[in-house]
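Student:
Residue numbers (the numbering used here): -3 to 341.
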């Protein structure tokens, strides 16, 4: 029997019971529209400087600073926690997005956007960083499980660490249970079951047997929820009990391709257990932002993971710069107008 690390009891808790870690992202927007990025990952294992869920390392141009965390109680060699600080300069928004907003669905995605608006005397610059939704399930419709009230609640949650009312705390607990006990197992089953059907079709399984598998979908799902020792070969044990002749060569194909689903679950587990701090430094005084706090030309956010668990979360800041040349031109135009007017008199 093949045992998967994705036993159902682990799956049900995977998104909310892993070890906490800290993620700090600092973005500096320069006058020439270039960007300096600094990403700090705290409480990581010793190999996170090479392999991490941001996909950043020295091989793709990041400068790395390592610091072993001082623990009150020493840990065995190789199990210590480390802090890593990654830094890189990008000459454009496009360069930053190439590194941090690619198509790999097992990495954290940060999308940068820059907009400039000319208004004669002033130029307005708006910069934003967007954390892309960390839900990487591809087949399940969230709205079948989450209500508009759920989305609105996640959107209005205060910064991480701030207190919430007792009523909101109860709502949050119910929402966590809904995601943890219903949405996650349902999404995982949907991905796994779809993989089974695809492999059955690819291996030339008779369409009548495929129809039989689809007919038993609901009962198989219910049994996976009831079965607390679910293993990777559970589908095939069920098929045997139903006397459905699933191709043997398809089983090994299933185990291999399940790794993609496992990798996405691993990423979601990591992202869900993070504590996030995000800062954007603008080239001038900030006049408009959705930041949690301001410190001079720094905008600071402490977003709860619920902000981007299901939807993208955008953090923006806007500055205004006086166009001196426009002021000078305007003065010259006024003077010229006055001169012409006086001369005509």
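Heads up, the beta-carbon is just placed ideally off N, CA and C, and yes, glycines get one too.
The structure presented is a predicted model; accordingly, all values stated were derived computationally and were not measured.
Return the bridge partner residues of residue 103 from the DSSP annotation.
Tutor: BP columns for residue 103 are empty, so no partner.
Student: Can the beta-carbon of residue 264 be found less than 8 Å from the beta-carbon of residue 130?
Tutor: Yes, the Cβ-Cβ distance between residue 264 and residue 130 is below 8 Å.
Student: For residue 334, which residues from the same chain have a beta carbon less than 8 Å from its beta carbon, with the 5 sequence-adjacent residues on both sides left out?
Tutor: No residues qualify anywhere along the chain.
Student: Sort out for me which residues DSSP pairs residue 221 with in a bridge.
Tutor: Answer is none; residue 221 lacks a bridge partner.
Student: Go through its chain and collect everything with a Cβ distance to residue 294's Cβ below 6 Å, but skip five positions before and after it.
Tutor: The answer, listed in chain order, is 275 and 277.
Student: For residue 147, which of helix, strand or coil comes out of DSSP?
Tutor: If DSSP states are grouped into helix, strand and coil, residue 147 belongs with the helices.
Student: Closest to residue 285 by C-alpha separation, out of 151, 279, 122 and 205, would be which residue?
Tutor: Selected option, being the one with the closest Cα: 122.
Student: For the alpha helix (DSSP H) that contains residue 235, what are its first and last residues?
Tutor: Taken as a continuous stretch (DSSP letters only), the alpha helix (DSSP H) holding residue 235 covers 230 to 237.
Student: Give me the Cα-Cα distance between residue 287 and residue 171, rounded to the nearest whole angstrom.
Tutor: Going from the Cα of residue 287 to the Cα of residue 171 covers about 25 Å.
Student: If you scan the stretch 123 to 181 from start to end, which runs of the alpha helix (DSSP H) of 4 or more residues do you find wholly inside it?
Tutor: If we require 4 residues or more, the alpha helix (DSSP H) runs fully inside the stretch 123 to 181 come out as 144 to 152 and 162 to 174.
Student: Could you check whether the Cβ of residue 103 sits closer than 8 Å to any Cβ belonging to chain C?
Tutor: No chain C appears in this structure, which consists of one protein chain only.
Student: Using only alpha-carbon positions, find the residue among 255, 316 and 307 that is nearest to residue 281.
Tutor: Ranking 255, 316 and 307 by Cα distance to residue 281 puts 316 first.
Student: Between residue 345 and the rest of its own chain, which residues show a CB-CB distance below 7 Å, the 5 nearest in sequence each way excluded?
Tutor: Absent from the structure is residue 345, since the part of the chain shown begins at -3 and ends at 341.
Student: What does a CB cutoff of less than 6 Å around residue 96 pick up in its chain, not counting 5 residues either side in sequence?
Tutor: Correct list, in chain order: 106.
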